[in-house]
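Right, one structure below, let's go through it.
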Amino acid sequence: MSGRSLFINRFIQEWRFQWSVIRTVLDWTVILYIIIPSILFFYLFYVDAWRNIDLYWNENLPFSILVFLMLLFSSGGNFRTFLLEADLLFLLQERKIFYRLKVYGLLTSLLLSFLQTVLTFFIAMPILILSYQFSIKMVSFLFVAIFAYKLAQQTINKVSYRNFKKWVLTILLFSLATFLLLNAPLFFIGVGSIMGIVGIVCFHISQITKTNRWFLKELEIEHAERVRYIRVILNFSIAVEKQSTQHRKKPTFLFKKSERIFKVRNKENGLLELLLKSFLRNQNLVRTYFRLMSLTGFAIIAVPLWIKWLVFISYIFFINSWIKSLYSKMLKNSFLTVIPVEIEISNKVYKRFRKFLSLPSILFLGILICVISFI
523 MSGRSLFINR FIQEWRFQWS VIRTVLDWTV ILYIIIPSIL FFYLFYVDAW
573 RNIDLYWNEN LPFSILVFLM LLFSSGGNFR TFLLEADLLF LLQERKIFYR
623 LKVYGLLTSL LLSFLQTVLT FFIAMPILIL SYQFSIKMVS FLFVAIFAYK
673 LAQQTINKVS YRNFKKWVLT ILLFSLATFL LLNAPLFFIG VGSIMGIVGI
723 VCFHISQITK TNRWFLKELE IEHAERVRYI RVILNFSIAV EKQSTQHRKK
773 PTFLFKKSER IFKVRNKENG LLELLLKSFL RNQNLVRTYF RLMSLTGFAI
823 IAVPLWIKWL VFISYIFFIN SWIKSLYSKM LKNSFLTVIP VEIEISNKVY
873 KRFRKFLSLP SILFLGILIC VISFI
């Protein structure tokens, strides 16, 4: 078997597996009542944005907000190699097949990253041209810069073994890219980005021959990419309980030296403190909370003015419903089953728990929609 045929076989298997995962939630009712209307509304809004961009984007908003959003949506992704654990026994001995497989994986990753960047610019094009008066040449330079940022961020994901190091480098890269895009001439940014893209590609090609260096990291990336849609479905599934996989006995950041939150000690404060700390130490819950807030914030920025307030009001009802469901699940914990909580105390604690979680996001989104609507 040649490297090319092996790559094609694994690529087809990958997409069949991902499609089987997507089909678990994509039945005909979802397609008919959600997917098709969403595509239709997107087309209508996109066409209308070219005619009435003022309804979708306030021209007084600084360009830095758009740059931040474009970099944010260009973050993520990995360089694929389509390796399997069994390759450690066979393919490492077949250098030629191994090299071809990784070359095709690199080319596929570059193509997918390019298409994702094209999609980002396709959405942002009306804002760039109509609101900020960008020419085609300026858009091209900005496109190259965003594409170079995406490849650099994916390179960090590959070469960083520790999550802390990866996050630090990603934040530094994001900050540097934002600073350059807002302060440096686009021409120099475009030329420098082209050189950066060439350097990144040459780096990855040079690393392909070093088969043992990144093998375990590449297997980790392949596993994460293979189950990415499964994680998305589980994160948004209400019926599936998602337990945290963290087994660290001592927290890393929040409440590392845990002390009392409330000075007055009583049953209500004790239960509320227990629930708040449990929530903040659960990465899945915190990630879901910020994901809901960020998606709503993006919707407030992207949709027309008359829909922004409808989205904001809907979020208020949704976040309270989500917190109520979360509170009920947390009270069903085995610890609270052994030590039952009185109904009267539970009702009082719920009101305070809801305020602690809902008010920060509601205030943030409220300020955001007021700034966009009235400034």
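Reading the sequence shown from the start, the letters are residues 523 to 897 in the numbering used here. The C-beta atom is built at its ideal place from N, Cα and C for all residues, glycine as well. Nothing here was measured: the structure is a model prediction, and the numbers come from that model.
- PHE875 sits close to LEU797, with the two beta carbons spaced by under 8 Å.
- Residues PHE643, MET647, LEU650 and ILE651 of the same chain have their beta carbon placed closer than 8 Å to that of VAL661, with the five preceding and five following residues left out of the count.
- Taking the CA atoms as reference points, VAL690 sits about 45 Å from ILE865.
- Sequence-distant partners of LEU633 (beyond 5 residues in either direction) whose C-beta falls short of 7 Å from its own C-beta are missing from its chain.
- It is roughly 16 Å from the alpha-carbon of LYS873 to the alpha-carbon of ASN788.
- In the three-state reduction of the DSSP assignment, GLN805 falls in the helix class.
- PHE601 and LEU623 have their C-alpha atoms some 13 Å from each other.
- Pairwise C-beta distances place the segment 603-610 out of contact with the segment 686-704, as fewer than three of them are shorter than 8 Å.
- For PHE601, there is no enclosing alpha helix (DSSP H), as DSSP marks it with neither H nor E.
- Taking 8 Å as the cut-off, the beta carbon of ILE716 is found closer than this to the beta carbon of VAL666.
- Classified as buried, HIS726 has 16 or more neighbouring CB atoms from the shown chains inside 10 Å of its CB.
- Minimum Cα-Cα distance from GLU536 among the listed residues GLN729, TYR751, ILE845 and ILE838 corresponds to TYR751.
- In the DSSP assignment, TYR621 falls within the unbroken alpha helix (DSSP H) covering 617-648.
- Assigned with DSSP and collapsed to three states, TYR654 falls in coil, not helix or strand.
- Counting only residues of its own chain and dropping the five nearest sequence neighbours on each side, ASN580 has a CB closer than 6 Å to the CB of ILE894.
- Closest in alpha carbon position to LEU577, among PRO826, LYS846 and ILE891, is PRO826.
- The beta carbon of TRP736 lies closer than 7 Å to those of LYS680 and GLN729 in the same chain, with the five residues before and after it left out.
- A residue is called buried when at least 16 other Cβ atoms come within 10 angstroms of its Cβ; LYS672 meets this threshold and is buried.
- Just so you know, the alpha carbons of PHE801 and SER560 end up roughly 33 Å apart.
- Residue environment: ALA706 is assigned as exposed (fewer than 16 neighbouring CB atoms within 10 Å of its CB, all protein chains considered).
- Taking 8 Å as the cut-off, the Cβ atoms of THR551 and ILE755 do not count as close.
- In this structure, the straight-line span from the alpha carbon of GLY712 to that of LEU664 is close to 7 Å.
- LEU853 and SER868 do touch by the CB rule: their CB atoms are close to 7 Å apart, below 8 Å.
- Judged by DSSP secondary structure, LYS739 falls within the alpha helix (DSSP H) whose first and last residues are 737-748.
- About 4 Å separates the beta carbons of LYS688 and SER682, which is inside the 8 Å limit, making them a contact pair.
- In terms of Cα proximity to GLN540, the closest of ARG753, ARG684, CYS724 and ALA571 is ARG753.
- Within the segment 806-882, the complete alpha helix (DSSP H) segments at least 4 residues long are 827-853 and 856-860, listed from N- to C-terminus.
- Here ASP570 carries a helix assignment [DSSP, helix/strand/coil].
- For TRP541, the uninterrupted alpha helix (DSSP H) segment begins and ends at 525-545.
- In this structure, LEU694 keeps its C-beta atom at 8 Å or more from the C-beta atom of GLN675.
- In terms of Cα proximity to GLU607, the closest of SER880, HIS745, ASN842 and ILE822 is HIS745.
- Straight through space, the alpha carbons of LEU793 and LEU637 are spaced by roughly 49 Å.
- In the structure shown, LEU583 falls within a coil segment according to DSSP collapsed to helix, strand and coil.
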